[in-house]
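Comments concern the structure below.
Rendered as structure tokens:
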């Protein structure tokens, strides 16, 4: 049985009952893992509160941070400061320089692009080639597809179709997430998979983008963040306790 | 020999605060399919309302099995009913009503 994940559930951190109902809804819809975006200033108490809600609803919780840097240097600074504090790092690329830097940096997990300004979607072949070498994924949020209407949705779908084809050609993993800020924009994983057929992602790839790809990212990062991790392929298998 | 068209039954649940009736839910699904896939796509979907349970806000529709994914996408893309915010979730899909009722139990 597939384990589904929604790596971008935008729950309001200050509204606990709403956060709880959204996490509960995610569990009911069949998700086993939710990634909740936090600000770098989020306190440990807030995180433990969310972790508590998730464990009550039997959903795994992954901490996530979204960076929107204006320059590649700003991105590097943020990564240096916060990479080890969060399980998932997503970068919203507003400029081409930032997009290229994010794609080649192995510390970046997810690449996001603007949904309203399609000129700022920089996922072309060069970007895909860099991303495929650095193991970063292309993240596609589906809430904007539900929210946009008529021609803006048509343009977004057309853009996504092109990007998905490029990603598949260069073997860049695709991650589908909801990006939902409200329960009404949350859908089940199979409904999302059906929605992705609108931009020609096959059903099997869509299900992989909702289950295997996000889980691989989270599990890889959890290993890296654990105290036993030394370097890629090397980890501590046991420690000597006293003499 | 003419081959019988295969069908799929979908159990759906509406999340909305407004009162609903059979015509409204069927019209919502039909218009979603029409909006996304046009008249040609809607004609291939062959939609029919089978059952409606207003107190549970659940209903069952039937569609052509070849049009299952487009219909599911159209249902997922529904964000409002009669101009008010709403969502429709798919509770289960099956090839027969009997199997669907086993799957969803409460329908």
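Residue numbers (my numbering), protein chains in the order written: chain A, 1 to 243; chain B, 1001 to 1107.
Each residue gets a CB set at the ideal place from its N, CA and C atoms; glycine is no exception.
(request) Enumerate in chain order the residues of its own chain whose CB-to-CB distance from residue 2 of chain A is below 6 angstroms, with the five nearest sequence positions on each side excluded. (result) The sequence position of residue 2 of chain A within the first chain is 2, counting from 1. The answer, listed in chain order, is 211.
(message) Measuring straight from C-alpha to C-alpha, what distance separates residue 121 of chain A and residue 95 of chain A?
(response) Taking the first residue of the first chain as position 1, residue 121 of chain A is located at position 121. Taking the first residue of the first chain as position 1, residue 95 of chain A is located at position 95. Looking at the two C-alpha atoms, the distance is approximately 9 angstroms.
(message) Cβ closer than 9 angstroms: which chain A residues qualify as neighbours of residue 1013 of chain B?
(response) Residue numbering aside, residue 1013 of chain B sits at position 13 when the second chain is read from its first letter. Around residue 1013 of chain B, no beta-carbon contact reaches into chain A at under 9 angstroms, the shortest distance being about 10 angstroms.
(message) Short of 8 angstroms Cβ to Cβ, which residues in the stretch 195-223 of chain A face chain B?
(response) Those would be 195, 197, 198 and 203, in chain order.
(request) Just the chain A side, please: which residues come within less than 8 angstroms of residue 1079 of chain B by C-beta, in chain order? (result) By 1-based counting over the second chain, the position of residue 1079 of chain B is 79. Below the 8 angstroms Cβ cutoff, chain A contributes 146, 147, 184 and 185 as neighbours of residue 1079 of chain B, in chain order.
(message) When you compare the CB positions of residue 69 of chain A and residue 115 of chain A, do they come within less than 7 angstroms of one another, or not?
(response) Here residue 69 of chain A is taken as the residue at index 69 of the first chain, counted from 1. Here residue 115 of chain A is taken as the residue at index 115 of the first chain, counted from 1. No; because the gap between Cβ atoms is not below 7 angstroms, this pair is not in contact.
(request) Please list the partners that residue 1069 of chain B has in chain A, where partner means a Cβ-to-Cβ separation under 8 angstroms. (result) Here the question's residue 1069 of chain B lines up with position 69 in the second chain. Those are 194, 197 and 203, listed as they occur along chain A.
(message) With DSSP as the reference, identify every bridge partner of residue 92 of chain A, one or two as the case may be.
(response) Residue 92 of chain A sits at position 92 when you count from the first residue of the first chain. In the DSSP assignment, the residues bridged to residue 92 of chain A are A:112.
(message) Could you compute how far the alpha carbon of residue 1073 of chain B sits from the alpha carbon of residue 164 of chain A?
(response) By one-based count along the second chain, residue 1073 of chain B stands at place 73. By one-based count along the first chain, residue 164 of chain A stands at place 164. Taken atom to atom, the span from the alpha-carbon of residue 1073 of chain B to that of residue 164 of chain A is near 18 angstroms.
(message) Suppose contacts are defined by Cβ-Cβ distances below 7 angstroms. Is residue 64 of chain A in contact with residue 88 of chain A by that definition?
(response) In the first chain, residue 64 of chain A corresponds to position 64, counting from 1. In the first chain, residue 88 of chain A corresponds to position 88, counting from 1. The Cβ atoms of residue 64 of chain A and residue 88 of chain A lie closer than 7 angstroms to each other.
(request) Taking 8 angstroms as the threshold, find out whether the stretch 41-56 of chain A comes into contact with the stretch 72-80 of chain A through three or more Cβ pairs. (result) Per the Cβ contact rule, the stretch 41-56 of chain A is not in contact with the stretch 72-80 of chain A (fewer than 3 Cβ pairs under 8 angstroms).
(message) Once the 5 residues before and after residue 1103 of chain B are set aside, which same chain residues still bring their CB inside 7 angstroms of it?
(response) If you number the second chain from 1, residue 1103 of chain B lands on position 103. Cβ within range, chain order: 1092 and 1094.
(message) Quick check on residue 176 of chain A: does DSSP put it in helix, strand or coil?
(response) Start at 1 with the first residue of the first chain, and residue 176 of chain A comes out as number 176. Strand at residue 176 of chain A.
(message) Quick check on the burial criterion: 16 or more other C-beta atoms within 10 angstroms. Buried or exposed for residue 235 of chain A?
(response) Translated into the one-based positions of the first chain, residue 235 of chain A becomes position 235. Looking at its Cβ environment, which holds fewer than 16 other Cβ atoms inside 10 Å, residue 235 of chain A is exposed.
(message) Let's test the definition: count the other Cβ atoms within 10 Å of the Cβ of residue 177 of chain A and tell me whether it reaches 16, buried, or not, exposed.
(response) Your numbering for residue 177 of chain A matches position 177 in the first chain. Residue 177 of chain A comes out buried.
(request) Step through the CB atoms of chain D and report whether any lies within less than 7 angstroms of the CB of residue 191 of chain A. (result) The structure shown contains no chain D; its protein chains are A and B.
(request) Name the residue from B:1055, B:1029 and B:1056 whose alpha carbon lies nearest to the alpha carbon of residue 1045 of chain B. (result) Within the second chain, residue 1045 of chain B is the residue found at index 45, counting from 1. Considering only alpha carbons, the answer is B:1029.
(request) Using three-state DSSP, classify residue 1011 of chain B as helix, strand or coil. (result) The residue you call residue 1011 of chain B lines up with position 11 of the second chain. Note: residue 1011 of chain B maps to strand in three-state DSSP.
(request) Please compile the residues from chain B whose C-beta is within a distance smaller than 7 angstroms of the C-beta of residue 188 of chain A. (result) Within the first chain, the letter at position 188 stands for residue 188 of chain A. In chain order: 1089 and 1090.
(message) Counting only beta-carbon separations shorter than 7 angstroms, does residue 1098 of chain B have a partner in chain A?
(response) Taking the first residue of the second chain as 1, we reach residue 1098 of chain B at position 98. It does not: the Cβ of residue 1098 of chain B has no partner Cβ on chain A nearer than 7 angstroms.
(message) Taking its Cβ as the centre, do 16 or more other Cβ atoms sit within 10 Å of residue 25 of chain A, making it buried, or is it exposed?
(response) Here residue 25 of chain A corresponds to residue number 25 of the first chain, with the count starting at 1. Around the beta carbon of residue 25 of chain A, 16 or more other beta carbons sit within 10 angstroms, so the residue counts as buried.
(message) Suppose you measure from the CA of residue 1098 of chain B to the CA of residue 1011 of chain B; what does that come to, to the nearest Å?
(response) Within the second chain, the letter at position 98 stands for residue 1098 of chain B. Within the second chain, the letter at position 11 stands for residue 1011 of chain B. Each residue's Cα considered, the two are about 12 angstroms apart.
(message) Using a Cβ-Cβ distance cut-off of 7 angstroms, determine whether residue 1072 of chain B contacts chain A.
(response) Within the second chain, residue 1072 of chain B is the residue found at index 72, counting from 1. Chain A, which has a Cβ nearer than 7 angstroms to the Cβ of residue 1072 of chain B, makes this yes.
(request) Report yes if the C-beta distance between residue 103 of chain A and residue 138 of chain A is below 7 angstroms; otherwise report no. (result) Here the question's residue 103 of chain A lines up with position 103 in the first chain. Here the question's residue 138 of chain A lines up with position 138 in the first chain. Cβ atoms of residue 103 of chain A and residue 138 of chain A: not closer than 7 angstroms.
(message) So for residue 1107 of chain B, helix, strand or coil by DSSP?
(response) The residue given as residue 1107 of chain B occupies position 107 in the second chain. Per-residue confidence for residue 1107 of chain B stands at a pLDDT of 49, beneath the threshold of 50, marking its modelled position as unreliable; the derived number appears in the next sentence. In the structure shown, residue 1107 of chain B sits in coil (DSSP, three-state: anything other than H, G, I, E or B).
(message) Looking at chain A, is there any beta carbon in it that lies within less than 7 angstroms of the beta carbon of residue 1076 of chain B?
(response) Counting from one through the second chain, the residue named residue 1076 of chain B turns up at place 76. For residue 1076 of chain B, the answer is yes, since a Cβ of chain A falls inside 7 angstroms of its Cβ.
(message) Which complete beta strand (DSSP E) runs does the stretch 116-171 of chain A hold, if anything under 3 residues is left out?
(response) You should have 137-141.
(message) With H, G and I counted as helix, E and B as strand and the rest as coil, what does DSSP make of residue 1067 of chain B?
(response) By 1-based counting over the second chain, the position of residue 1067 of chain B is 67. Correct three-state label for residue 1067 of chain B: helix.
(message) When you compare the CB of residue 1085 of chain B with every CB in chain A, is at least one pair closer than 7 angstroms?
(response) Taking the second chain and counting its residues from 1, the one referred to as residue 1085 of chain B is at position 85. Interface residue, yes.
(message) Using the Cβ count rule (16 or more neighbours within 10 Å means buried), how would you classify residue 221 of chain A?
(response) The residue you call residue 221 of chain A lines up with position 221 of the first chain. Under this definition residue 221 of chain A is a buried residue.
(message) Going by DSSP, what residue range makes up the beta strand (DSSP E) through residue 17 of chain A?
(response) Translated into positions along the first chain, residue 17 of chain A becomes position 17. According to the DSSP assignment, residue 17 of chain A belongs to no beta strand (DSSP E) but to the alpha helix (DSSP H) extending over 16-29.
(request) To the nearest angstrom, report how far apart residue 1047 of chain B and residue 1002 of chain B are at their CA atoms. (result) The count along the second chain starts at 1 and reaches residue 1047 of chain B at position 47. The count along the second chain starts at 1 and reaches residue 1002 of chain B at position 2. Straight-line Cα distance between these residues: approximately 21 angstroms.
(request) Can you have a look at residue 1053 of chain B and say buried or exposed, based on whether 16 or more other CB atoms are within 10 angstroms of its CB? (result) If you number the second chain from 1, residue 1053 of chain B lands on position 53. Residue 1053 of chain B should be labelled exposed.
(request) Assess, as a yes-or-no matter, whether the stretch 78-86 of chain A is touched by the stretch 142-158 of chain A under the definition of 3 or more beta carbon pairs within less than 8 angstroms. (result) No, the stretch 142-158 of chain A does not touch the stretch 78-86 of chain A.
(request) Could you tell me if residue 237 of chain A is buried or exposed, where buried requires 16 or more neighbouring beta carbons within 10 angstroms of its beta carbon? (result) To locate residue 237 of chain A, count along the first chain from 1; it is residue 237. With fewer than 16 other Cβ atoms within 10 Å, it is exposed.
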